[in-house]
Structure formats: C-alpha cells, structure tokens
Amino acid sequence: MRPPQFPNLPLENPSWLMWMQSKKRKTLAAVESDSDDAPLVSRAQANGKVMQKPPRVSAHQIGEESDSDVPLGQKLAKQKQKIEKAAEKEAKQIRRDEKEAGKAPKKAVPAKRVKKEESSDDDKPLSKRAPAATTKKNKVEPSKPAKKVKAEAPSPAKKSKAVKKEESADPEDEEDEEDEVKWWEDPTKGDGTNKWETLQHNGVVFPPPYQPLPKHVKMKYDGEPMTLHPDAEEVAGFFGSMLNSTHNVENPTFQKNFFGDFKDILKKTGGAKNRNGEKVEIKEFAKCDFRPIFDHYEAERAAKKALSKEEKKAIKAAKDEAEAPYMYCVWDGKKQKVGNFRVEPPGLFRGRGDHPKTGKVKTRVMPEQITINIGKEATVPTPPEGHSWKEIKHDKQGTWLAMWQENINGNYKYVMLAANSDVKGQSDYKKFEKARELKKHIDRIRKDYRKELKSELMADRQKATAMYLIDQFALRAGNEKGDDEAETVGCCSLKYEHITLRAPNTVIFDFLGKDSIRFHEEFEVDAQVFKNLKIFKKPPKSEGDDIFDRLTTTQLNNHLKNYMPGLTAKVFRTYNASFTMAKLLSEMRSEGTIAEKIKDYNDANRKVAILCNHKRTVAAGHAGQMEKLGDRIKGLKYQQWRVKQMMLDVDPKIKKKKGAEYFELPDDLDEAWIQEHQAFLVEEQKIKITKKFEKDNEKLKAEGEKEMKPKELEERLKAVKELEKRFQKENKTKKVEAEGKSPTVEKLEEHVKKFDARIATMSVQAEDKENNKEVALGTSKINYIDPRLTVVFSKKFSVPIEKFFSKTLREKFEWAIRSVEEDWVF
Numbered sequence: 001m002r003p004p005q006f007p008n009l010p011l012e013n014p015s016w017l018m019w020m021q022s023k024k025r026k027t028l029a030a031v032e033s034d035s036d037d038a039p040l041v042s043r044a045q046a047n048g049k050v051m052q053k054p055p056r057v058s059a060h061q062i063g064e065e066s067d068s069d070v071p072l073g074q075k076l077a078k079q080k081q082k083i084e085k086a087a088e089k090e091a092k093q094i095r096r097d098e099k100e101a102g103k104a105p106k107k108a109v110p111a112k113r114v115k116k117e118e119s120s121d122d123d124k125p126l127s128k129r130a131p132a133a134t135t136k137k138n139k140v141e142p143s144k145p146a147k148k149v150k151a152e153a154p155s156p157a158k159k160s161k162a163v164k165k166e167e168s169a170d171p172e173d174e175e176d177e178e179d180e181v182k183w184w185e186d187p188t189k190g191d192g193t194n195k196w197e198t199l200q201h202n203g204v205v206f207p208p209p210y211q212p213l214p215k216h217v218k219m220k221y222d223g224e225p226m227t228l229h230p231d232a233e234e235v236a237g238f239f240g241s242m243l244n245s246t247h248n249v250e251n252p253t254f255q256k257n258f259f260g261d262f263k264d265i266l267k268k269t270g271g272a273k274n275r276n277g278e279k280v281e282i283k284e285f286a287k288c289d290f291r292p293i294f295d296h297y298e299a300e301r302a303a304k305k306a307l308s309k310e311e312k313k314a315i316k317a318a319k320d321e322a323e324a325p326y327m328y329c330v331w332d333g334k335k336q337k338v339g340n341f342r343v344e345p346p347g348l349f350r351g352r353g354d355h356p357k358t359g360k361v362k363t364r365v366m367p368e369q370i371t372i373n374i375g376k377e378a379t380v381p382t383p384p385e386g387h388s389w390k391e392i393k394h395d396k397q398g399t400w401l402a403m404w405q406e407n408i409n410g411n412y413k414y415v416m417l418a419a420n421s422d423v424k425g426q427s428d429y430k431k432f433e434k435a436r437e438l439k440k441h442i443d444r445i446r447k448d449y450r451k452e453l454k455s456e457l458m459a460d461r462q463k464a465t466a467m468y469l470i471d472q473f474a475l476r477a478g479n480e481k482g483d484d485e486a487e488t489v490g491c492c493s494l495k496y497e498h499i500t501l502r503a504p505n506t507v508i509f510d511f512l513g514k515d516s517i518r519f520h521e522e523f524e525v526d527a528q529v530f531k532n533l534k535i536f537k538k539p540p541k542s543e544g545d546d547i548f549d550r551l552t553t554t555q556l557n558n559h560l561k562n563y564m565p566g567l568t569a570k571v572f573r574t575y576n577a578s579f580t581m582a583k584l585l586s587e588m589r590s591e592g593t594i595a596e597k598i599k600d601y602n603d604a605n606r607k608v609a610i611l612c613n614h615k616r617t618v619a620a621g622h623a624g625q626m627e628k629l630g631d632r633i634k635g636l637k638y639q640q641w642r643v644k645q646m647m648l649d650v651d652p653k654i655k656k657k658k659g660a661e662y663f664e665l666p667d668d669l670d671e672a673w674i675q676e677h678q679a680f681l682v683e684e685q686k687i688k689i690t691k692k693f694e695k696d697n698e699k700l701k702a703e704g705e706k707e708m709k710p711k712e713l714e715e716r717l718k719a720v721k722e723l724e725k726r727f728q729k730e731n732k733t734k735k736v737e738a739e740g741k742s743p744t745v746e747k748l749e750e751h752v753k754k755f756d757a758r759i760a761t762m763s764v765q766a767e768d769k770e771n772n773k774e775v776a777l778g779t780s781k782i783n784y785i786d787p788r789l790t791v792v793f794s795k796k797f798s799v800p801i802e803k804f805f806s807k808t809l810r811e812k813f814e815w816a817i818r819s820v821e822e823d824w825v826f
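Here UniProt numbering is used: the first residue of the sequence shown is 1, the next is one more, and so on.
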C-alpha cells in the first residue's frame with residue numbers, strides 16, 4: 001500500500017522506506033536523561049505507577065541516515081543572518097528616532113511574565129485543562145492530545161475572496177482628471193467602520209441555461225446509447241466534455257466522486273433508458289462511455305475556433321454589450337469597476353492537489369441562493385423572471401456586492417470590486433503598511449521568542465518554537481480542517497508524522513500545505529529548536545497527534561497582537577519578503593542592458609523567494625521550453641554565421657584580416673542540426689506568407705472589394721521555393737552568397753554586431769528562466785514583496801515598469817506606481 005503523503009515517490013526513495021519501516025516497527029522513542037532534552041512534564045504515571053521506559057529510538061527512525069538534497073535556502077543562510085541583524089539595528093533606530101521626535105509608538109510589547117497562579121494550566125493540552133481550582137502548576141499527565149476545535153466561520157461582511165481576472169476592456173474613463181482622489185496620500189481614509197454610504201449596482205450575470213444535446217448524441221452504457229433527463233444529461237456532459245483532461249478524469253478519487261453524484265442525479269430524475277424505453281440501472285463506472293459527448297463538444301470547440309476574425313469580434317462585442325451594465329458600480333458617488341460579477345457555472349469541482357472532493361458536481365446557483373448588498377436608497381437589481389433574491393442587505397461594513405454559498409465545501413462566494421478599485425487598493429496598501437510597521441518591533445519579537453525556547457512552561461515553549469518556524473522558514477500558521485476538507489496543514493496544525501528529525505539539527509517537513517500542494521523541505525534549525533521538536537514528539541505521541549498540542553493559531557495571533565495592533569502570523573511572510581528585497585535592492589548597482597537589469601531584479605526576487613520559502617515544483621513543460629529557447633539561440637548563431645560567410649563572398653581577403661576562427665561554425669551547430677533548422681525556416685516562411693495572404697483577403701472582404709485568387713498565393717510562395725534552393729546550394733558548395741542591395745563588409749559587420757546583442761539578450765533570458773524553474777517569483781512579487789519596491793527599482797535603474805507588471809497588475813498597483821519615487825524606503 002502506498003502512503004497518502006507519498007503518492008508518487010519511487011520505492012527506493014528514503015522517505016518511502018522510512019514510512020514502510022515505521023509501519024512495521026511499533027518502537028517508541030525513549031525519554032532521554034539529558035536535562036536540556038528531557039520533557040518538561042513530570043514522568044508519566046498510570047494508576048500511580050511509573051510507566052516503563054520504552055526502547056531508545058534508533059538513528060534511522062529519526063532520519064539520521066536520510067540523504068535528502070540540501071535545500072536552496074542553506075546557500076543563503078549567511079545572507080539571511082546579515083539581513084536579520086540589519087533588521088534588529090533598524091528597528092532600534094526607528095524607535096529611537098520616534099522617541100526623539102516625540103512620537104513614541106503605543107506601548108504594545110508584552111509585559112514581563114507574571115508569576116502563574118496555582119490554577120494555571122497553560123502547560124496542559126487544550127483538551128485536558130482542568131478547572132482552575134483543581135489544576136496544579138506545571139503538572140501534565142501524558143495522554144494523546146485531543147483534536148483542536150475548528151475555528152468559527154467568518155461572517156460574510158468580514159470574509160473576503162480574491163477577485164478573478166477581468167477580461168473585458170475598460171470603457172473610456174468618463175471622470176475628470178481633477179476629480180481623481182489619491183487616497184494613498186491620506187492613510188487614515190477608509191479606516192472607519194462603514195466602508196460606504198451610498199452603493200448602486202446591477203447585480204450579477206448568470207451562466208446561460210443548459211442546452212440539451214442533439215438526439216443522436218448520447219452517453220453509452222455497456223455499449224448501448226442511453227436516454228437521460230436533461231438534468232442528468234448535463235452532469236454526464238460535465239464529465240464527457242473534459243475527457244482530454246486526463247489528470248482529472250483518470251484520477252480514481254475524481255471518478256468515484258463524480259460517479260456517486262451522477263448516480264444520485266439519475267435516481268432523482270427517473271434514471272436512464274435504452275433505445276426501447278426500458279429503464280437501465282447504471283451500476284458500474286467502467287461501463288460508461290462518454291466519448292460521443294466529448295466528440296460533440298470537441299466539434300463545437302473546433303467550429304468556434306474556425307470562425308473568422310470578424311465573427312469572433314461580433315460575438316465578443318455582443319457579450320460585452322450584454323455585460324456592460326454589470327461591469328461597474330457607483331460606490332459613494334464614484335464609478336468603480338466590479339471584479340467577478342459572473343456567477344460560476346455548474347460543472348465538476350477540481351480542487352487543487354489531492355483534494356478529497358475532486359470530481360463532485362458543482363450545482364447551478366439560483367437567484368434564490370444569492371444575497372444582494374446595496375444602498376437603502378438604490379434600486380434593487382431585478383432577478384431573472386420567475387425568481388427572487390434570497391435576501392437584500394444594506395451592510396455598509398461589507399465590501400461585497402453579492403454573495404452565495406457553494407455546495408461543495410459550503411464556502412461563501414462574493415462579488416467584490418476589481419483589483420484596481422480604491423477599496424482593493426486600500427486593502428493592499430494597508431497590508432504592506434502593516435508589514436512596514438512590524439519593522440519597529442521585529443527585534444523584540446525575535447528576542448522574546450528565542451528566550452522562550454527554553455521556557456519552563458510547555459505552552460510557552462511550543463509558542464516560541466512555532467514563532468521561530470513561522471519567522472525563519474515562512475511556514476503558514478495553519479488551521480484545523482474538518483473530516484470532509486482537504487488534509488492541508490500549517491505550523492500550528494503539524495502532526496507527528498509531518499516532521500522527521502535528523503541529528504544534529506536538521507528538520508525534514510513533509511505535509512500538504514495550502515491548496516494541497518506538497519511541502520517537502522529540510523532545514524537546519526537552532527539546537528534548542530531541534531531539542532524542543534524532539535520533546536514535542538516524545539511518547540506517548542504517535543501518528544495523528546499534534547506536534548503543537550498546547551497551541552492554536554488563534555492563541556498565537558492573540559499573543560502577537562500584544563506587540564502591535566493587528567499583527568498576525570501572516571504578516572511575517574509579507575514583512576520578511578519585503579524587508580529582504582529592500583535590503584538587496586539597497587545594495588544593488590544594476591548596469592548594462594534592459595535584459596541584464598531585469599535579470600538583476602529577478603536574481604534579487606529569487607533570493608527572496610528562496611529565503612522566504614516561496615518555491616514550486618519544476619513545470620512539466622520546462623525542459624521543452626528550454627530546448628526551444630536553446631534552438632532559438634542556435635538559430636541566431638546560425639544566421640550570424642551566414643552573415644559572416646557573406647562577408648567572405650564580398651571580400652575573400654577579410655579572412656586573413658579577421659582570422660579563420662572568426663568565420664568558423666559555432667561548436668554547438670553541426671550539419672544535421674543545420675539541415676533540420678533550414679527545413680524549419682522554409683516551413684516558417686511558408687506559414688507566414690499563407691497567413692498574410694489570408695489576412696489580406698479578409699481585409700478586402702471587409703472593405704467590400706474583390707478577394708485575391710489562389711494564383712496570387714502560388715506566386716507569393718515562389719519565395720519559399722527560392723529559399724529552399726538557396727539552402728541546398730549552400731550545403732553543396734559550402735559558400736553563402738551575399739544578400740541585399742549593394743552589400744558591403746561594413747554593412748555586414750553591423751549585422752554581426754546586432755546578432756551579438758540579440759544572442760546575449762536571449763542567453764541572459766535563458767539563464768534567468770533556468771534559474772527560476774524551482775522558484776515562484778510571481779508569488780513573491782505579487783503577494784509578498786511591497787510593489788513600491790519594484791517601482792523604486794524601475795525608476796532607479798530606468799527600466800519600464802511594464803517589464804515587471806502586466807496591464808492587470810499595473811491597474812492593481814496604480815497606487816504604488818504613482819505614490820513613490822526612487823528614494824522611497826520600505
């Protein structure tokens with residue numbers, strides 16, 4: 001049986017072997033006698049008797065023989081220490097400057113520990129806390145810790161969701177430039193309880209109703225066509241339309257969940273019938289054939305793709321016109337763009353990673369499920385005919401326009417303003433300002449948690465260890481999950497089996513993190529942290545038990561608020577990424593071409609991603625992309641070599657002047673590759689000429705003029721045959737005739753230099769791409785690095801901001817682009 005946490009590991013992998021051996025071996029770790037290593041609780045007792053010590057844990061069991069690769073982060077450990085020292089120094093200086101200026105920050109540092117009363121139970125597992133009158137100080141009976149209580153779901157007014165990308169183009173801005181409000185120049189604006197006073201919008205756009213399949217298109221069962229009720233047919237179509245998505249439809253969990261829901265809908269709608277009208281019970285998934293449905297939808301997709309440019313434009317224009325009223329709302333009298341105003345269509349839930357509900361049916365959202373949030377004086381949007389809204393609210397504290405609850409996980413979905421709206425911009429601004437505020441307190445926080453790593457109370461020691469892992473290795477805090485949710489964890493919800501310890505101080509993490517993405521990393525930690533984790537794994541703990549059984553995310557965040565209002569574990573990821581980038585940029589002296597400067601930025605971004613643990617698995621298509629990029633570079637070298645040969649054709653004596661080496665074929669090009677590349681160039685030119693001919697004909701047709709005849713295309717394609725003959729002649733004679741009008745050695749030399757620049761630029765891009773294959777630069781740049789730092793780099797080194805931010809991101813971070821200059825400091 002393959003373990004769920006290692007679904008794709010080869011059998012010889014050490015982690016797999018360790019798991020197999022741990023399943024066979026029931027040996028428990030021994031309680032060591034070393035005082036620093038000993039558990040903080042009293043020796044375990046049962047019925048008044050001291051329990052017998054279990055056998056000592058072996059080196060293999062704690063991973064000492066593991067041969068895991070050294071993580072990238074270790075290579076930058078010294079640089080990280082240097083940055084942390086700079087942070088400590090800067091924090092002290094900021095507080096000193098504020099004190100001298102008479103602006104001392106509010107006292108928010110935790111007070112020195114007050115002696116615990118006899119009734120204190122901070123050091124007991126949460127499930128075992130006794131009433132205050134009966135609990136003794138620092139006495140904890142060993143027992144399996146109970147599961148943590150699931151956090152209460154946030155209210156619709158407080159919960160927020162990331163908006164989807166908006167594809168529709170913006171209409172012309174009707175507002176005067178002078179009426180524009182630069183809200184980022186007034187940080188206090190928008191901090192009140194109410195987010196708006198007046199709000200008007202037109203509701204949501206529903207997906208089109210289901211269109212039944214043609215009568216001849218039917219799902220088959222055991223080789224026989226089945227007639228289904230339209231509702232069941234629609235669900236069959238969900239699966240049938242995505243047969244080309246093999247990683248989903250071939251997933252056993254996806255199949256099981258889909259088939260379970262499919263049978264339910266069949267039961268509700270009267271089942272399936274054969275061609276004779278007889279009822280057929282659908283029992284086995286393997287006998288279901290959805291290929292006819294797939295072929296139908298594939299033909300529809302092909303037909304849509306084959307539409308002319310004008311037809312596609314007309315369809316898009318009609319769609320944009322129908323959706324135009326929903327794209328904007330009026331928020332406190334100002335026109336604001338709405339983000340995800342479309343209600344999600346029904347389909348099959350996919351989820352991320354190994355989600356246990358992948359394949360389940362996402363049901364169609366009806367108006368009766370949707371709550372509208374709008375101003376009291378505004379006109380309420382009209383629901384579709386024959387329907388009504390679930391509820392109308394006037395929640396001024398909420399930044400949502402509409403909401404509903406989806407059926408898969410019971411999560412609330414919200415219609416919010418677009419990323420470039422004032423409200424969303426203020427949210428981002430406050431997020432990064434909070435990270436900047438953390439600069440003032442980071443030294444004291446780190447000093448406190450390092451001190452408490454040796455605390456006498458288990459609860460405090462666990463809290464300090466969790467803080468260390470969150471701060472140093474960018475672990476997410478984590479929340480408890482329900483039985484029907486993806487088994488994803490963070491620091492506070494780590495289980496016994498999620499960490500392996502390898503002496504002297506290496507910790508190996510292996511768990512499913514956010515979005516069910518596997519987190520499999522190893523880090524070298526402080527000696528005391530390593531000792532603490534050994535203590536937290538001591539018997540009687542075993543698989544399934546919490547590492548931090550005396551700590552919850554809520555408790556951790558409440559502790560952090562003592563240092564600074566609004567401080568949570570999440571802020572550390574933003575702070576560490578932004579502060580690290582700020583330090584790297586302050587030391588940078590970027591020079592050279594635009595491509596070289598972009599690489600300098602990406603190198604700094606990469607260091608941030610590594611130090612802050614924003615990593616990713618290598619994309620499946622990376623090797624192919626690199627091969628194509630390599631071929632493009634080789635193609636440029638080949639063209640450059642041809643130009644050099646043309647120089648010899650113009651003036652054979654130049655060979656002696658330049659030297660024979662200058663004209664030699666580059667080492668990475670050979671005869672076989674050249675012939676293959678020549679065939680590619682011939683085919684490429686053929687495609688270009690054909691496309692140009694078709695485009696010219698479309699233009700003539702649109703202008704009402706007569707289209708060109710196929711003979712014109714044949715005439716144009718003669719250039720392709722000439723190119724083919726030229727290559728054949730060059731291969732035979734080993735000479736290249738000069739091309740162009742009045743070619744001279746000087747002109748050809750200029751061409752050679754241009755190729756040098758292009759080859760250099762593309763080589764830098766290839767190196768950059770290869771270096772970034774395991775690093776999520778986008779995650780760091782968009783979510784964790786203050787966008788104002790990217791703007792500073794752009795202005796300081798004269799690189800267009802378009803090179804870093806797409807149009808969507810430039811709209812999202814308009815406040816950052818317009819609010820700082822190159823001397824701004826994080």
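Each residue gets a CB set at the ideal place from its N, CA and C atoms; glycine is no exception. These numbers were taken from a predicted model, which means no experiment stands behind them.
- Bounds of the beta strand (DSSP E) holding Val-415 are 412-416.
- Taking each of Glu-821, Val-745, Lys-85 in turn and checking the Cα distance to Lys-447, the smallest one comes out for Lys-85.
- Note on the region 243-300: whole alpha helix (DSSP H) runs with a minimum of 4 residues are 246-249, 252-268, in chain order.
- Distances from the CA of Lys-796 to each of Lys-812, Ser-590, Asp-786, Lys-599 were compared; the closest alpha carbon is that of Ser-590.
- Three or more beta-carbon pairs separated by less than 8 Å link the region 801-818 to the region 416-428, which places the two stretches in contact.
- According to the DSSP assignment, Lys-725 belongs to the alpha helix (DSSP H) that extends over 718-733.
- With at least 16 other beta carbons inside 10 angstroms of its own, Lys-781 counts as buried.
- Annotated as distal: Asp-471 and Glu-88, with beta-carbon spacing of 8 Å or more.
- Here Ile-598 is near Val-799, since their CB atoms are less than 8 Å apart.
- For Glu-694, the uninterrupted alpha helix (DSSP H) segment begins and ends at 671-702.
- Membership of Asn-373 in the beta strand (DSSP E) is indicated by the continuous run 371-373.
- In this structure, Lys-732 is the residue among Gly-624, Met-762, Lys-732 with its C-alpha nearest to the C-alpha of Gln-675.
- Counting only residues of its own chain and dropping the five nearest sequence neighbours on each side, Ala-527 has a CB closer than 7 Å to the CB of Asn-505.
- Non-local C-beta neighbours of Ala-464 in its own chain, meaning closer than 7 Å and more than five positions away in sequence, comprise Tyr-449, Glu-452, Leu-453, Ser-455, ordered along the chain.
- Cβ-Cβ separation between Lys-434 and Val-571: approximately 6 Å, consistent with a contact (criterion under 8 Å).
- Under the DSSP assignment, Ile-392 falls in the beta strand (DSSP E) whose first and last residues are 391-393.
- Per DSSP, the unbroken alpha helix (DSSP H) holding Leu-533 starts and ends at 527-536.
- Our two residues, Phe-579 and Phe-826, have alpha carbons roughly 7 Å apart in a direct line.
- Asn-557 has its alpha-carbon roughly 20 Å from the corresponding atom of Val-529.
- Listed as beta-bridge partners of Lys-220 by DSSP are Pro-225, Asp-289.
- Annotation for Phe-663: no alpha helix (DSSP H) segment contains it, and DSSP assigns it neither H nor E.
- Between Leu-438 and Glu-524, the alpha-carbon positions lie close to 25 Å from each other.
- Counted as a single uninterrupted DSSP element, the beta strand (DSSP E) harbouring Arg-502 occupies residues 499-502.
- With respect to Asn-532, Arg-461 sits close: the two C-beta atoms are nearer than 8 Å.
- When the beta-carbon positions are compared, Lys-538 and Leu-501 stay at least 8 Å from each other.
- Cβ neighbours of Met-762 within its own chain (closer than 6 Å, five residues either side excluded): Ile-633.
- Membership of Met-581 in the alpha helix (DSSP H) is indicated by the continuous run 569-586.
- Contact between the region 263-279 and the region 198-211 is not established, with fewer than three Cβ pairs separated by less than 8 Å.
- When DSSP states are grouped into helix, strand and coil, Met-564 belongs to the coil group.
- Within the same chain, and ignoring the five residues on either side of Phe-548 in sequence, the residues whose Cβ sits closer than 6 Å to its Cβ are Gln-462, Ala-466, Cys-492.
- For Arg-461, the enclosing alpha helix (DSSP H) covers residues 458-473.
- Judged by beta-carbon spacing, Ala-569 lies within the 8 Å limit of Ala-477, meaning their Cβ atoms are closer than that value.
- In summary, Glu-234 is buried, with 16 or more beta-carbon neighbours lying within 10 Å of its beta-carbon over all protein chains present.
- Between the region 306-318 and the region 698-714 there are three or more C-beta pairs closer than 8 Å, enough to call the two in contact.
- 8 Å or more divides the Cβ of Ile-392 from the Cβ of Ile-408.
- Sequence-distant Cβ neighbours of Leu-567 in its own chain, meaning closer than 7 Å and more than five residues away, are Leu-438, Leu-560, Lys-561.
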